[in-house]
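S.K.: Take the sequence shown: its letter number 165 is residue 177 in the numbering used here, and every next letter is one higher.
Take this structure first; my questions come after.
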Amino acid sequence: MLNKLGDIKSNAQHEIQEADGLSVLESIRVKYLGKKGSLTEILRSMGSCPPQERPALGMQVNKVRALLEEQLTRKQEELSAKMLELRLKSERIDVTVPVEAPHVGSLHPITAVRNELISVFMSMGFDVAEGPEVETDYYNFEALNIPQDHPSRDMQDSFYITENLLLRTQTSAMQIRTMEKQKPPIRIICPGRVFRADEVDATHSPVFHQLEGLVVDKGITMCDLKGTLDAFAKKIYGSDTKTKLRPSFFPFTEPSVEVDVTCSECGGKGCRMCKDTGWVEILGAGMVNPKVLSGCGIDPNVYSGFAFGLGIDRIAVTRYKISDMRLLFENDLRFLEQFKSAL
């Protein structure tokens, strides 16, 4: 029995010494010290030994067990340290190595201008109203005092889906929807995408973006319109910007005006951008036509209001000095990446 114990000790020590991994070391432990291991079998077979030999044999078995456990622990620590060292070397990060900065996107110029315009008008107390891009003929034309024979009714100017449905040509339809549901005071802006059958060129696109505004309350006058638009222009183009109103015509406003601002490029002195006039047209506006108010159930003898509409794309073009509006819709990264620092 003692000879067998000696063989077990010798073999176990050799295998522990040669072990090259923790899993191998664990299998050695189970092989010799486990419930069915070699040393455990010797302990179980001690009953067949003469009683006088049992104490000495038990003592030897315990010594071998203690020796093997110590060697297993030491080998485990050695292998763990070795594996940690290998891991540290393989996963090492050299923080001094230059890295390529990740590509970070930015807002599209139109989106950035749209957000800025909304922020400016919200700071004046306006709420944002949005509606469907597919509109009925009633909301897009009729309720806005645009008769059947108006040029904008021409099938060549609007994208009709059916006789009564079309892609909206302006966001003014949301002004009508709002006045039908909400009684004065009303102060809203309606930003959104609109569609017209225009030829594509440097200043026109069949798809573009508008922001229209509406204020209805008691005692609203042209002075309120002028003051609002003047404050808006100064916020967008700078505190030295001046505004000018020119008579115009829109079916849904009376009187109607075109609004010009001093050229941001030359400060009003005259340049190529403003065609040497010193002024740049940015929007149309006017007092809400009493017929429009009446059609929405608002008494024009009690309430009055003003409305305005501007092209978000045109603001972006003038703000960033873009020569061709088509560049805004081509999504060429070489063009768009120029605006990262500006947005």
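Think of the CB as a built atom: it goes at the ideal place given N, C-alpha and C, for glycine as much as any other residue.
For clarity, every value in this text was computed on a predicted model and none was experimentally measured.
According to DSSP, is GLN88 helix, strand or coil?
M.R.: helix
S.K.: Rounded to a whole number of angstroms, what is the C-alpha to C-alpha distance between ARG77 and VAL111?
M.R.: 55 Å
S.K.: If you run the structure through DSSP and keep just helix, strand and coil, what is LEU322?
M.R.: In this structure, LEU322 counts as strand in the three-state DSSP scheme.
S.K.: Can you tell which of ILE248, SER170, LYS247 and ASP161 has its C-alpha closest to the C-alpha of ASP210?
M.R.: SER170
S.K.: What is the DSSP secondary structure of PRO110, reduced to helix, strand or coil?
M.R.: coil
S.K.: Please determine, among VAL125, ILE188 and ARG180, the residue with the shortest C-alpha to C-alpha distance to ALA155.
M.R.: Ranked by Cα distance from ALA155, the options VAL125, ILE188 and ARG180 are led by ILE188.
S.K.: Can you find the residues in the same chain that come closer than 8 Å, C-beta to C-beta, to ILE248, ignoring five residues on each side of it along the sequence?
M.R.: GLU128, LEU129, VAL132, ILE327 and ARG331
S.K.: Quick one: any contact between the stretch 196–214 and the stretch 233–252, if contact means 3 or more CB pairs under 8 Å?
M.R.: no
S.K.: In the stretch 195–279, which residue ranges form an unbroken alpha helix (DSSP H) of at least 4 residues, counting only runs that do not cross its ends?
M.R.: 234–249
S.K.: Within the continuous alpha helix (DSSP H) that includes ILE188, where are the two ends?
M.R.: 185–193
S.K.: On the DSSP bridge assignment, give the partners of GLU27 in chain order.
M.R.: Answer is none; GLU27 lacks a bridge partner.
S.K.: Mapping DSSP to helix, strand and coil, what is ILE20?
M.R.: helix
S.K.: Nearest to GLU175 by CA position, among LEU340, VAL146, ILE200 and CYS202, is which residue?
M.R.: VAL146
S.K.: Note down the Cα distance separating ILE200 from ASN301, rounded to an integer number of angstroms.
M.R.: Going from the Cα of ILE200 to the Cα of ASN301 covers about 17 Å.
S.K.: Could you pull out every residue in the same chain whose Cβ sits closer than 6 Å to the Cβ of LYS254, ignoring the five residues on either side in sequence?
M.R.: THR274
S.K.: Note the first and the last residue of the continuous beta strand (DSSP E) segment covering THR148.
M.R.: 146–148
S.K.: Whose C-alpha, out of LEU55, GLU82 and PRO63, is nearest the C-alpha of VAL73?
M.R.: LEU55
S.K.: Opposite TYR172 in the DSSP bridges: which residues?
M.R.: DSSP lists LEU178 as the bridge partner or partners of TYR172.
S.K.: Check whether the stretch 328–347 touches the stretch 235–242, taking contact to mean three or more Cβ pairs, one atom from each stretch, closer than 8 Å.
M.R.: no
S.K.: Just checking: is the beta-carbon of SER118 within a distance shorter than 7 Å of some beta-carbon in chain B?
M.R.: In the displayed structure, chain B is absent; only one protein chain is listed.
S.K.: Check for me: the alpha helix (DSSP H) holding ALA124 runs from which residue to which?
M.R.: 121–135
S.K.: Pull up the CB-CB distance for LEU178 and ILE198, whole angstroms please, since I reckon it's below 8 Å.
M.R.: By a beta-carbon distance limit of 8 Å, LEU178 does not contact ILE198. Their separation comes to about 25 Å.
S.K.: Determine the burial state of GLN160: buried for a count of at least 16 other Cβ atoms within 10 Å of its Cβ, exposed for fewer.
M.R.: A residue is called buried when at least 16 other Cβ atoms come within 10 angstroms of its Cβ; GLN160 does not meet this threshold and is exposed.
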